[in-house]
Amino acid sequence: MPARIHASSAPTPAPARRVARPSRHQADGARRRRGVVPPSPSSSPSSSVAGPKPLRSVPNGGEAAASTASNEPGRPVGKPPPLRVAIVGAGPCGLVTAIALRKFGIDDVTIFDRYPTVRPAVGAAFNLNGGAAILDKLGLGKIFRDLANPMTRVRARRVGGDRITLMDLNVPKMIMDDPVASTTLTSSEHLPENLPRELRDERDVLCGTVLRADLLEALSETLPEETLSGLGKDVTGAETSPGGGARLLFGNGEKSDRFDLVVGCDGIRSKIRESMPGIGRSGAKYGGIRILFGVTGDATPETSSARREGERGEAHQWFGDGCYTLVFTGGGEGRKRDNVAVCVADDGGVTKRRDENAGWLKMGSVDDVDDDADAAAADERGRSNRASNAIAREEVIATMERYGMPREAIDVAASCERFFDIGVHYHDPIPSWSDPTGSLVLAGDACHAMPPFLGQGANQAFQDAYVLARNLSAVRSSGGKSLSGAFESVKAAMDAYEATRKPSTTRIMQSSRVIGFVETGSGPVAFVRDVAFAGLGATGLVGKIFLQNASLAIGEED
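Mapped onto my numbering, the consecutive letters of the sequence shown carry residue numbers 2 to 559.
Now the structure itself:
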């Protein structure tokens, strides 16, 4: 099922047109039907944080917190509490959490990661929708527009001579036609002139595919050096203090200074998660599915011709008996990379890898040469990686041919320069996302790792970051340093954060598991899948499923 896109009965992108936004009454009614109740008019909308102001211009404890509002009762107007926050993990979740905290006026934030720099060469591409809306709220809409390849269409077909179309979805039209999505998954920022014609509407549709490497680099550049001063420090755990707060434990045996809050954004094998009482080393569960990823390298005549230019805004899905292949393109102008993802059920004949969803275990990469390596070592490593890539490419192509994937998809795999072989893992829901003292809290994959078949991992992590930061800025501080806040303590704020975010992430995680099983099913499962997908596509229900997953769940008017 097209996890990453929305549906419409129109088989091709609609021509450019002006779409009137739904009335406030219509949008509010739709939200109530979805269980999202808009705040009263006295609660200011969050447009004041959605502008493109540079993050570094936010005064300490001032403007951002004072000008933002939510539907929480007693939302403070004034300085946020003077808290010290540590974030463990410099991936997308950790970086956006730091940005959100600073945007809400909490500046004493430090990111820790075992690598000395943000690792931009790691990973492939992913689709952002609700996550793009969060970036827009944080004033980073331009970054998304510059780095994203707008998603215009999703085509799902069955392999074989008939190539029966199961779904053909027009993404922009479907978003603009929905009374809620047309406001929550769009932006009124100035539309760039190079935006595809089908997206040049009243509002900018926030649905596109970004390269993980480019996004990490751009996000890290918005943060000051002091926020990134914890890079290169290997966090092995955390310990809470009797009087509140926590210290980080490092691999060299040292401990950090005390922090008021430690946020675990360190992925599916989170060390902060392991440090929380009642959770410990409860490992992620293997989903029984392998994904072989391929990504093209720098643009060359060969890689640029792997997909027709007119199709690079489209995601093509191919369903076979026991295999599902997705071909898509990520990246902004001049940086586009074609991607192929081959998903197969693990029949037990391969090692059940314990790699994490966001770990991107590489089978080979010619890009991964350390800056400080000498020329001889770099040359040797380059030869080794090229050999590994050749082996990986052969395996991916052989797998696609075995399951009857079409030549156009195989050609993309043949053009790829980097490959990843990962096992799909997930976490069952945990009793609490924070410890009893409110000194440790989890976000993203650390608390709700999910299979990637609904394309919501990063989108949900960004929403976590936003709600966590907003709630933390509304904590009442002692000594009269802050005006009255919505929450009596950090623990109360984190409990409210969990209450806002947990229902949707749990539902999406469970749905993703089912979708993965169905999409890689064989025999009768594959037959039922094809019939069901064709019916869902024809009736427009696929679009409703997309909207349900992509819609923001942040506890305020979106």
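No residue lacks a Cβ here, since even glycine has one placed at the ideal position from N, Cα and C. These numbers were taken from a predicted model, which means no experiment stands behind them.
**Message:** By the DSSP assignment, the alpha helix (DSSP H) with N472 in it spans what residues?
**Reply:** G458 to L473
Practice problem: Assign P117 to buried or exposed, taking buried as 16 or more other Cβ atoms, counted over all protein chains shown, within 10 Å of its Cβ. | Solution: exposed
Can you find at least 3 beta carbon pairs, one from the region 256-271 and one from the region 124-140, that sit closer than 8 Å? no
task = Assuming A91 contacts L232 (C-beta within less than 8 Å), just tell me the rounded distance between them.
result = 6 Å
*Give me the Cα-Cα distance between S474 and D299, rounded to the nearest whole angstrom.*
S474 and D299 have their C-alpha atoms some 42 Å from each other.
- Message: Distance check for A535 and A157, CA to CA, integer angstroms please.
- Response: 9 Å
Can you pull the DSSP bridge partners for V341? G295 and V328
**Asked** Which term fits A399, buried or exposed, when burial requires 16 or more other beta carbons within 10 angstroms of its beta carbon?
**Response** exposed
Check your understanding: What separation, rounded to the nearest whole angstrom, lies between the Cα atoms of A66 and V110?
Key -> Annotation note: pLDDT 36 at A66 (below 50); position unreliable, coordinate value reported separately. One C-alpha to the other measures close to 15 Å.
Original post:
What do you reckon, are the CB atoms on H449 and G288 nearer than 9 Å?
Top reply: no
- [ ] Could you name the residues of the same chain whose beta carbon sits closer than 6 Å to that of T501, not counting the 5 residues immediately before and after it, in chain order?
- [x] V468 and G556
Spatial neighbours of I165 in its chain, beta-carbon cut-off 8 Å, leaving aside the 5 residues before and after = R158, R159, D531 and A535
In whole angstroms, what separates the C-alpha of V397 from that of V328?
13 Å
### Task
Mind checking which residues open and close the beta strand (DSSP E) that includes Y427?
C417 to Y427
Review point. Do the region 221-239 and the region 273-282 touch if we need at least three Cβ pairs shorter than 8 Å?
Key: yes
**Item:** Three-state secondary structure (DSSP) of T210
**Value:** strand
For this session: Whole angstroms is fine: what's the gap from L102's alpha carbon to F251's?
Result: 24 Å
_So, with DSSP's three-state summary, where would you put N130?_
coil
* Note down the Cα distance separating R471 from L443, rounded to an integer number of angstroms. => Computed Cα separation, rounded: 15 Å.
Distance, Cα to Cα, V543 vs I516?
12 Å
D215 and R308 look like a contact to me (Cβ under 8 Å); what is the Cβ gap, rounded to whole Å?
Not a contact, Cβ separation roughly 19 Å.
Problem set entry | Beta-carbon contacts of L220 that lie in its chain and below 6 Å, excluding the five residues immediately before and after | L96
request  = In the DSSP assignment, find the alpha helix (DSSP H) that holds E520 and state where it starts and stops.
outcome  = V491 to E520
inquiry  = So for K545, helix, strand or coil by DSSP?
reply    = helix
Notebook entry, point to check: Taking C-alpha atoms, which residue in G439, D169, A415 and Q457 lies nearest to G244?
Noted result: It is G439.
Practice prompt. Hey, could you find the ends of the beta strand (DSSP E) T153 is sitting in?
Written response: Careful: T153 lies outside any beta strand (DSSP E) and carries neither H nor E.
Exercise. Count the other C-beta atoms from every protein chain shown that fall within 10 angstroms of the C-beta of I392, then say buried if there are 16 or more, exposed otherwise.
Key: I392 comes out exposed.
Problem - Rounded separation between K492 and P225 - CA only - result: 28 Å
Q) Of the choices V206, F294, F547 and Y498, whose alpha-carbon is the least far from that of S435? A) Y498
With distances taken between CB atoms, is the gap from C417 to R403 smaller than 9 Å? no
Where G95 falls: helix, strand or coil (DSSP): helix
Report the option in P151, R204, S513 and Q461 whose CA atom is closest to the CA atom of D178.
By alpha-carbon distance to D178, the top candidate from P151, R204, S513 and Q461 is R204.
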